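First up is the structure itself, then whatever we jot down about it.
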Amino acid sequence: MSRSPSRTRSTLVAAVAAAASLAVPAAPPASAAPVPAPGPHAGPARPPVKQPVATGYGGAVSTVDLDASRTALDVLKRGGNAMDAAVAASATLGVTEPYVSAIGGGGYITYYDAKKRRVYALDGREFAPERMRQDSFIDPATGKPLPFDQAVTSGLGVGVPGTLAQWDLALRRFGTRDLGALLRPAIKIADRGFVVDQEFHDQTAVNEARFRDIVPTRRLFLPGGKVPEVGSVFRNPDLADTYRQLAKRGPDWFYAGGLGREIARTVAAPPVDPAADRDVRPGLMERGDLAAYRAVVREPTHVPYRGMDVYGMPPSSSGGSTVGEALTILGNFRLDARDPVTALHYYLEASKLAYADRGRYVGDADKVDVPLDELLSAGFARERACLIKPGEAAPAPVAPGSPDGSYAPCVPPGTQTRALAFEGPQTTHLVVADKWGNVVAYTLSIEQFGGSGITVPGRGFLLNNELTDFSFQPPAPGQAPDPNLPGPHKRPRSSMSPTLVLKDGRPRLAVGTPGGSTIITTVLQILLNRIDLGMDLPAALNAPRATQRNTPFVYAEQPFIEAYGRGLAARGHRLEVFPGPPAGVIGAATGLEILRPGLVQAVAEPVRRGGGSALVVRPAR
Ligand code: GLU
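Note that the working numbering has the sequence shown beginning at 1, numbered continuously upward.
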């Protein structure tokens, strides 16, 4: 199909390519102070203090957790590279953040390789068992989809875990250390224990009822039958032992050996307490599914934005395509820090349109056709941008566009649209830069806080419920096709968006966050804050958030509503406090900025979800 020359409306201006406004903050904020290590102790202790911003040289890390950040920093100090440090940090998160990060889950890495001067995307997303069909979530007894909560706590939602295969691939391709060595710090913490903080306590508490009903989960996460108190020490010797065995036997033990057999058995017959009144459906996973799993190196998504290059995660995630499409739409408008309400209006409208296209066109590109190049093309973005009115929000949901290569301006909206699937906020993101200039952005997940709630007996880790990211119900006749239906060895569509921004071919920013489908809007908003609205990265992360995912309401944090609610309401946006979970809080981001060659600022949340931990090898004076 031939591309028609696109005309722009008078409200649209050409992308301000040269006007990249990544001004370096004048004085770097105070760097991280050393924090005392949590030693073994008897009585309740205070969870260690985390520092959200660190600026300095020799490498940097930001994660949600002090132990994980320290683990990464230690690897960097001993000469490991960013990929080594990222793997070590995520293994530690498997101990200290077991409800969001585990070898029972999956995730995505974007990686800048300084030697090759290239960005790579590593897909470690879980895939569905061979026996999965598009109606597998339909309850044969009722003919209706299983209720979401029931699908979450079931074997049916468990995807073949990708994390270990991804670590293995990442280290073989880009690392300098072997997995065994990188697991050692995590083993130590699992054996010795860590001090329970409010987050860990709360995440256990929200899961208490289902954890109680699943025998190995109760034994591990409700020691003495109770939710561990803040300040108590939590140990996980089973996981220490699993990591030790993995260090010795390698990932084959998981994918083709004894541990794989145990996983398949657990999914096929979830270890529910016979006294519990809970219907936990068995899953479809078999040993052969574990043996068939592969992590994949993919071509990252790439869009130009304000003279920079933004790289993201391609399908099976919708992160790169949706962040990329929204940015490309925004590139058609001049955004001005002096008029934040107008800038935010365009942000919400661009995001709304990009979400409509995400729902209609994005799924696992290994299994369905995804028009990725067109979704990210300037022509399609201009056609979508033509629909945005400067003074008035479009009623949502809006219809998807036609990324068909033939673009006329101001096409009237169609009618097909699908409801937004439920995706929770329960993941984690980390970033690492090393002294050679390599940069990692890594988002990993077991989907819900606590995943499926099913612990592999005696092994110390939870299994994911990532397959609940699929749509549960095939479209009715006449409805638009759904690219995200379950299928054999298919990866459910994700929103994870580990994102790297390069300027003149060198990395400048790395960002990412948990938050289910709000991941995309949080990453977008941080980029907008940093690149267009004149904030430095700590302010860009800290700023109040809003998310528009093609729904009638814009969900936002209360301070956002206080600051911009009136102005946006005047343009027809209907703002409501984000219902959560957790209520009123969107995301828990981490990021870093390379201020100039060698000088890195690592940034974590100061407040959201208990804040995160940024560290650098040599703090700047
Ligand atoms: N399962 C979600 C996804 O892949 C992430 C989980 C979350 O952050 O809640 O997009």
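Beta carbons are placed, not taken as given, at the ideal position from N, Cα and C, and that holds for glycine.
As the structure is a prediction and not an experimental result, all values here were calculated from the model.
ask   = From TYR472 to PHE254, what distance separates their C-alpha atoms?
value = Looking at the sequence shown, residue 472 is not Tyr but Phe. Whole-angstrom Cα-Cα distance: 29 Å.
key: Limits of the unbroken beta strand (DSSP E) element including THR322   = Here THR322 belongs to no beta strand (DSSP E); instead the alpha helix (DSSP H) covers 319-330.
ask   = For the stretch 347-396, which segments carrying the beta strand (DSSP E) assignment without a break, of at least 3 residues, lie completely within its bounds, in sequence order?
value = none
message = Tell me whether GLY56, by its Cβ, gets closer than 7 Å to a heavy atom of the ligand GLU.
response = no
Helix, strand or coil at ARG508 according to DSSP, with G and I counted as helix = strand
query = Applying the criterion that 16 or more other CB atoms from any shown protein chain within 10 Å of the CB defines a buried residue, is GLY612 buried or exposed?
reply = buried
query = Beta carbon of ILE519: closer than 7 Å to some heavy atom of the ligand GLU?
reply = yes
inquiry  = Just checking ASP469 against the ligand GLU - is the residue's beta carbon closer than 7 Å to any of the ligand's heavy atoms?
reply    = yes
message = By the DSSP assignment, the alpha helix (DSSP H) with LEU76 in it spans what residues?
response = 66-77
request  = Check whether the Cβ of MET313 lies closer than 7 Å to any heavy atom of the ligand SAM, and answer yes or no.
outcome  = As presented, the structure is devoid of the ligand SAM, carrying the ligand GLU as its sole ligands.
query = What is the rounded straight-line gap between the Cα of GLY359 and the Cα of LEU372?
reply = 13 Å
Cβ-based neighbour list, ILE526, same chain, cut-off 7 Å, excluding 5 preceding and 5 following = VAL511, ALA540, LEU541, ALA589 and GLY591
ask   = Of all the options THR63, LYS115 and ASP74, which has the alpha carbon lying nearest to the alpha carbon of SER90?
value = THR63
message = For the ligand GLU, I want to know if PRO514 counts as a neighbour, meaning its beta carbon is within less than 7 Å of at least one of the ligand's heavy atoms.
response = yes
inquiry  = Can you tell me whether ALA27 is buried or exposed? The criterion is at least 16 other CB atoms within 10 Å of its CB, across all chains shown.
reply    = With a pLDDT of 35 at ALA27, under the threshold of 50, the modelled position of that residue is not reliable, and no figure is offered here.
query = Identify the residues that DSSP records as bridge partners of LYS248: which are they?
reply = Answer is none; LYS248 lacks a bridge partner.
inquiry  = VAL87 and GLY159 - do their beta-carbons sit closer together than 8 Å?
reply    = no
request  = Would you mind working out which of VAL523, VAL303, GLY391 and VAL280 sits nearest PHE148, comparing C-alpha positions?
outcome  = VAL280
task = On the DSSP bridge assignment, give the partners of LYS503 in chain order.
result = ARG506
query = Which residue spans inside the stretch 177-255 form an unbroken beta strand (DSSP E) run of at least 3?
reply = none
ask   = If you draw a straight line from the C-alpha of ARG571 to the C-alpha of ALA378, how long is it?
value = 26 Å
query = Under 7 Å from any heavy atom of the ligand GLU, does the C-beta of THR427 make it?
reply = yes
request  = Could you tell me which of VAL616, ILE103 and ASP123 sits nearest to VAL75, measuring between CA atoms?
outcome  = VAL616
inquiry  = Only counting the same chain, and skipping five residues up and downstream in sequence, which positions put a Cβ closer than 7 Å to that of LYS367?
reply    = GLY487 and LYS490
ask   = Would you say PRO606 faces chain D, with C-beta separation under 8 Å as the test?
value = Protein chains in the displayed structure number just one, and chain D is not present.
query = GLY155 and VAL267 look like a contact to me (Cβ under 8 Å); what is the Cβ gap, rounded to whole Å?
reply = 4 Å
inquiry  = Along the chain, where does the alpha helix (DSSP H) containing PRO300 start, and where does it finish?
reply    = No alpha helix (DSSP H) contains PRO300, which DSSP labels as neither H nor E.
query = By Cβ distance below 7 Å, which residues in the same chain neighbour GLY505 in space, the five residues on each side in sequence not counted?
reply = ARG117
task = Less than 8 Å between the CB atoms is what I'm expecting for VAL439 and LEU500, so what's the real figure, rounded?
result = 6 Å
ask   = Less than 7 Å between the CB of GLU126 and some heavy atom of the ligand GLU, yes or no?
value = no
query = GLY288: buried (16+ other C-beta within 10 angstroms of its C-beta) or exposed?
reply = exposed
query = Within 7 Å: the Cβ of GLU605 and any heavy atom of the ligand GLU?
reply = no
Contact test: GLU97 Cβ vs the ligand GLU heavy atom, cutoff 7 Å = no
ask   = Could you give the distance in angstroms between the alpha-carbon of VAL272 and the alpha-carbon of SER445?
value = 23 Å
Residue environment, GLY224, which counts as buried when at least 16 other CB atoms sit within 10 Å = exposed
query = Can we count GLU199 as close to the ligand GLU, meaning its CB is less than 7 Å from some heavy atom?
reply = no
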